[in-house]
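Residue numbers (my numbering): 25 to 335. Glycine included, every Cβ here is placed at the ideal spot set by N, Cα and C.
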Ligand SMILES: O=C(COP(=O)(O)O)N(O)CCCCO
Ligand code: NA
Ligand SMILES: [Zn+2]
């Protein structure tokens with residue numbers, strides 16, 4: 025059934041497990057993710073960036089938002105696991121309003137690059153509109169470094185836990201993404217992965233809302249290896265170590281944004297299939313090979329984060 029993201033996250037927050045939020049840009053990734061969540065009997069959050077909406081609408085924002093709502097609801101309404109659709113990194117008012125109008129479960133207002141007061145003002149405004157429409161809201165405090173899909177930030181600016189308390193109280197935001205040292209994409213850390221667990225612990229104690237980890241992909245070595253074996257160049261790729269991810273969940277992270285791990289899995293399956301099947305040109309077959317690896321990663325992540333069987 026199609027639900028509000030907040031319902032999924034409140035339950036996760038109470039029971040200290042996490043739910044991955046998988047990014048989708050097309051039908052194939054969504055099918056792979058949904059199959060994985062059904063097999064694992066897990067709650068499902070799929071999310072789209074503004075770029076994904078523009079892509080699916082072939083340049084038209086509202087068509088793109090409608091496309092994802094129609095596709096996700098079509099399947100969600102016929103399965104017995106909870107499914108939510110979230111707007112990821114909503115930076116522009118027209119995308120956020122299009123998502124609310126189209127029927128998204130929740131929206132992120134990402135004004136994390138603005139000064140605190142401006143982030144607070146914008147978030148308050150979106151919370152008022154979204155809540156009036158029964159839509160839940162995510163916001164971000166602090167900044168992630170890294171570039172992905174036009175989500176660019178200069179460098180890591182870690183969240184201030186005291187500011188997070190004020191921010192949540194003043195805005196009424198439903199769930200918060202505290203920047204604790206991760207970044208988007210496949211090249212997250214120069215040296216060792218370094219997340220600020222102390223800061224995360226304080227944010228959870230002071231805000232008591234479900235928390236979101238951005239830039240949470242692990243860049244799984246087995247899929248990097250296959251992708252590279254069949255011609256990909258992913259040298260220097262490094263993600264969040266799984267033990268660090270586990271620690272984040274123990275400290276109160278409940279939504280784990282996962283895009284890069286699915287992208288690497290898909291390209292690994294696709295490259296392998298194309299190399300091994302030179303005569304093949306049916307898109308359902310070669311895209312199906314990418315889907316297969318995506319589904320594997322989805323199922324492992326659902327188990328790992330503790331939400332398998334929680335639907
Ligand atoms: O935090 C994330 C995912 O991060 P990762 O790149 O670690 O999968 N997202 O918000 C999705 C990616 C941003 C736009 O594509
Ligand atoms: Na988000
Ligand atoms: Zn993100």
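Rounded C-beta distance between residue i and residue j? I'm assuming under 8 Å.
i, j, result
"residue 204", "residue 184", "About 11 Å; that fails the 8 Å criterion."
"residue 127", "residue 210", "32 Å between Cβ atoms; not a contact."
"residue 165", "residue 200", "7 Å"
"residue 285", "residue 241", "4 Å"
"residue 198", "residue 162", "7 Å"
"residue 236", "residue 180", "Not really, about 16 Å apart at Cβ, beyond 8 Å."
"residue 330", "residue 41", "3 Å"
"residue 151", "residue 195", "5 Å"
"residue 335", "residue 66", "6 Å"
"residue 95", "residue 51", "6 Å"
"residue 167", "residue 136", "5 Å"
"residue 292", "residue 251", "4 Å"
"residue 83", "residue 91", "No, residue 83 and residue 91 are not in contact; Cβ-Cβ is about 12 Å, not under 8 Å."
Please classify residue i as buried or exposed, where buried requires at least 16 neighbouring CB atoms within 10 angstroms.
i, result
"residue 25", "exposed"
"residue 294", "buried"
"residue 60", "buried"
"residue 305", "exposed"
"residue 71", "buried"
"residue 104", "exposed"
"residue 249", "exposed"
"residue 74", "buried"
"residue 259", "exposed"
"residue 287", "buried"
"residue 20", "Residue 20 lies beyond the range of the chain shown here (25 to 335); nothing can be said about it."
"residue 309", "exposed"
"residue 234", "buried"
"residue 339", "Because the chain here runs from 25 to 335, residue 339 falls outside it and cannot be looked at."
"residue 279", "buried"
"residue 88", "buried"
"residue 134", "buried"
"residue 54", "buried"
"residue 68", "buried"
"residue 218", "exposed"
"residue 307", "exposed"
"residue 112", "buried"
"residue 102", "exposed"
"residue 302", "exposed"
"residue 283", "buried"
"residue 109", "buried"
"residue 191", "buried"
"residue 290", "buried"
"residue 311", "buried"
"residue 238", "buried"
"residue 123", "buried"
"residue 317", "buried"
"residue 156", "exposed"
Residue i bridges to which residues according to DSSP?
i, result
"residue 260", "The partner list for residue 260 (beta bridge, DSSP) is empty, contrary to what the question assumes."
"residue 26", "107"
"residue 200", "163 and 235"
"residue 46", "70 and 282"
"residue 136", "Answer is none; residue 136 lacks a bridge partner."
"residue 169", "207"
For the alpha helix (DSSP H) holding residue i, just list the boundary residues, first then last.
i, result
"residue 307", "307-329"
"residue 143", "140-156"
"residue 164", "That residue, residue 164, is in no alpha helix (DSSP H); its beta strand (DSSP E) goes 160-165."
"residue 193", "185-195"
"residue 337", "Residue 337 cannot be examined here, being either before or after the span of the chain that is shown, 25 to 335."
"residue 248", "245-253"
"residue 215", "First-last for residue 215: undefined, no H or E at that position."
"residue 268", "266-274"
"residue 94", "85-100"
"residue 119", "117-126"
Under DSSP, the beta strand (DSSP E) around residue i begins and ends at which residues?
i, result
"residue 110", "107-114"
"residue 282", "277-282"
"residue 336", "In this structure the chain extends from 25 to 335, so residue 336 is not present and cannot be described."
"residue 130", "130-133"
Closer than 7 Å, CB to CB, is residue i near chain D or not?
i, result
"residue 239", "This model lacks chain D altogether, as it is built from one protein chain only."
Following a CB-centred definition, is residue i positioned closer than 6 Å to any heavy atom of ligand 4?
i, result
"residue 54", "Because ligand 4 does not appear in the structure shown, any question about it cannot be addressed here, the ligands present being ligand 1, ligand 2 and ligand 3."
* Asked: What is the chain-ordered set of residues for which the beta carbon lies under 7 Å from any non-hydrogen atom of ligand 2?
  -> 45, 71, 110, 112, 113, 132, 162, 201, 236, 238 and 281
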